[in-house]
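Numbering (mature numbering (1 follows the signal peptide of the UniProt record, and there is no 0)), first residue to last: -22 to -1, 1 to 378. Everything below concerns the one structure shown next.
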Amino acid sequence: MKEVLLKSVLIFAICLVGTIKGSPSGKFRRRRFDRYSPSLDEIQADAATAKTHTWTSSVEGRVFKRFYIIWLENADYDKAAEEESILSLRKHGISLTNYWGLTHPSQPNYIAAAGGDYFGANSDSFLRLPANVSTVVDLLATKNISWAEYQESMPYSGFQGYNFSNQETYANDYVRKHNPLVTYDSVTSRPELLGHMKNFTAFYRDLEQQTLPQFAYITPNMTNCGHDTTIQFAGSWTKEFLEPLLENEYFMKDTLVLLTFDENDTYATPNRVFSLLLGGAIPEKLRGTVDDTYYDHYSQLSTVEANWDLPSLGRNDVYANVFEFAAEKCLIDNSVVDTTNMYSNVSYVGYFSNREEKLPIPDIESINMNGKGVLKSIKDTWAEAYWQEAVHFYSGEVNT
């Protein structure tokens, strides 16, 4: 282990400028976007022509060949870690006892996991990022690694609406704010990618046909994730969902599953969330063990980069700790992070929370945990702005 890198701390400090004087919502005017909320008739019409894409690949990784991230909602660490159904799963994997959400509420955490920043988001409102902001999808594309999203209760593949309710009970079902990639125009502006944003019907079909992708986000609906129910309900659903998969030879082989929560439930307390690593990629000797290394949602990206030896986004993925069992195999030395006074429960003032703020510029000269530079297309897009703002590159001028 090494001490946390000064450069990453500096970046964080720059991002926080302006938050000390008051709440972003009270001091600044948020950036507004037109909310897309189609009618049921419009949804049904679009569903009739929506295309669903199936894409599989078999790119070797250093530690795993498949990485799936399952999101649950709003649970304090102790309640999640000790919930009966989740307890029964812990013997199958590595419990991550020092994994942190990044801020509140839900949506910024999902955005950050996919793109290496939450861009000052501090709400669950309808948000969009321009096409010059890259995501994990762009990193995976460098080696043709297949990917998908499986969003429970999404009405059709590529749906970009704000939400979709249960048509019998009118309960919340699919919500945009829990979809990591839908905020990014770099994904949604490309029709060939929309078909990879699918629902659970597609997941079970891909599983049965053995055409699952190598990377996926899995988000249960608002009932099953625990958002509109309880941690006991979410735990029971999780056990019912995961246990058959843990016994499925096709699914388990060389697969890493991260079960995590987007944020804790008590906003005034440190935003530590229970997380669990499962799957066939976990060595037998590590099953039922505990890892107290510091991680947060950016570790999802850094672990993907390390496993497939990919470049970075030049954002908070660069210095994020890699899951330790994988870091050891990749010869990566994680940082020791002092969490004594850490809360991670307030967003920095940025692009979404203050309409006067520009998009943060990636650090195009950074080297990630596996020794790679920044994705070439990102360098090409942001180079001029980076050199103009080299001293404080998180205050850039490039926008679309």
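Even glycine gets a Cβ: it sits at the ideal position worked out from N, Cα and C.
Cβ pair residue i, residue j closer than 8 Å
i, j, result
"Gln338", "Ile356", "What sits at residue 338 in the sequence shown is Pro, not Gln. Going by C-beta atoms, Pro338 is not nearer than 8 Å to Ile356."
"Gly98", "Val327", "yes"
"Ala259", "Thr233", "yes"
"Ser253", "Val352", "no"
"His70", "Leu237", "no"
"Tyr14", "Tyr140", "yes"
"Thr27", "Asp269", "no"
"Lys43", "Ser135", "no"
"Glu161", "Leu105", "It should be pointed out that residue 161 corresponds to Thr in this sequence rather than to Glu. Yes, they are a contact pair."
"His205", "His31", "no"
"Ser209", "Ala361", "The residue you asked about is not Ser; residue 209 is Ile in the sequence shown. Their beta carbons are not under 8 Å apart, which means Ile209 does not touch Ala361 by this criterion."
"Tyr321", "Pro248", "yes"
"Leu67", "Leu171", "no"
"Cys203", "Glu51", "yes"
"Leu224", "Ile72", "no"
"Asn312", "Val324", "no"
"Ser63", "Thr216", "yes"
"Asp243", "Ala53", "yes"
"Val251", "Tyr77", "yes"
"Asn199", "Ser131", "yes"
"Tyr329", "Arg9", "yes"
"Leu107", "Asp163", "yes"
Contact set for residue i: own chain, Cβ-Cβ below 6 Å, skip 5 residues either direction
i, result
"Thr197", "Trp49, Gln129, His156"
"Pro2", "Caution applies to Pro2, whose pLDDT of 44 falls short of 50 and renders its modelled position unreliable; the value that the coordinates give is listed next. So the list reads Asn100, Val327, Ser331, once near-sequence residues are dropped."
"Pro83", "Asp102"
"Gln188", "Tyr228"
"Thr207", "Thr201"
"Val235", "Tyr46, Leu256, Gly257"
"Ala92", "Thr113, Val114, Pro158, Leu159"
"Leu190", "Asp184"
Sequence-distant residues of its chain with Cβ nearer than 7 Å to residue i (five each side left out)
i, result
"Asn348", "Glu283, Ala284, Asp287, Cys308, Ile310"
"Gly94", "Tyr276, Leu279, Leu291, Arg293, Asn294, Asp295"
"Ala304", "Val41, Thr281, Ala284, Asn285"
"Ile123", "Ser35, Val37, Gln192, Phe193, Trp286"
"Phe6", "Val327, Ser331, Asn332"
"Ser344", "Ser290, Gly292, Val296, Val352"
Cβ-based burial, residue i [other Cβ within 10 Å; buried from 16]
i, result
"Ala246", "exposed"
"Asp56", "exposed"
"Phe11", "exposed"
"Asp116", "buried"
"Lys176", "buried"
"Tyr152", "buried"
"Ser112", "buried"
"Thr317", "exposed"
"Leu159", "buried"
"Gln22", "exposed"
"residue 393", "Since the first and last residues shown for the chain are -22 and 378, residue 393 lies out of range."
"Ala25", "exposed"
"Asn319", "exposed"
"Glu335", "buried"
"Pro133", "buried"
"Leu18", "exposed"
"Glu302", "buried"
"Gln85", "buried"
Sequence-distant residues of the same chain with beta carbon closer than 8 Å to residue i, five excluded per side
i, result
"Asn87", "Gly79, Leu80, Thr81, Tyr96, Asp240, Glu241, His275"
"Ser167", "Ala109"
"Pro261", "Phe303"
Per DSSP, cross-strand counterpart(s) of residue i
i, result
"Asn150", "Ser143"
"Arg9", "For Arg9, which the question treats as bridged, DSSP gives no partner whatsoever."
"Val315", "None; Val315 has no bridge partner."
"Ile47", "Tyr195, Leu236"
"Glu127", "Met175, Tyr195"
"Ser253", "Leu74"
"Ser112", "The partner list for Ser112 (beta bridge, DSSP) is empty, contrary to what the question assumes."
"Thr267", "Ile72"
"Leu107", "Tyr162"
"Tyr273", "Tyr77"
"Ser290", "Val352"
Chain B within 8 Å of residue i, Cβ atoms only
i, result
"Gly71", "Going by chain labels, chain B is absent from the structure shown, which holds only one protein chain."
Uninterrupted alpha helix (DSSP H) stretches inside the stretch 200 to 227 (no shorter than 4 residues)
209 to 224
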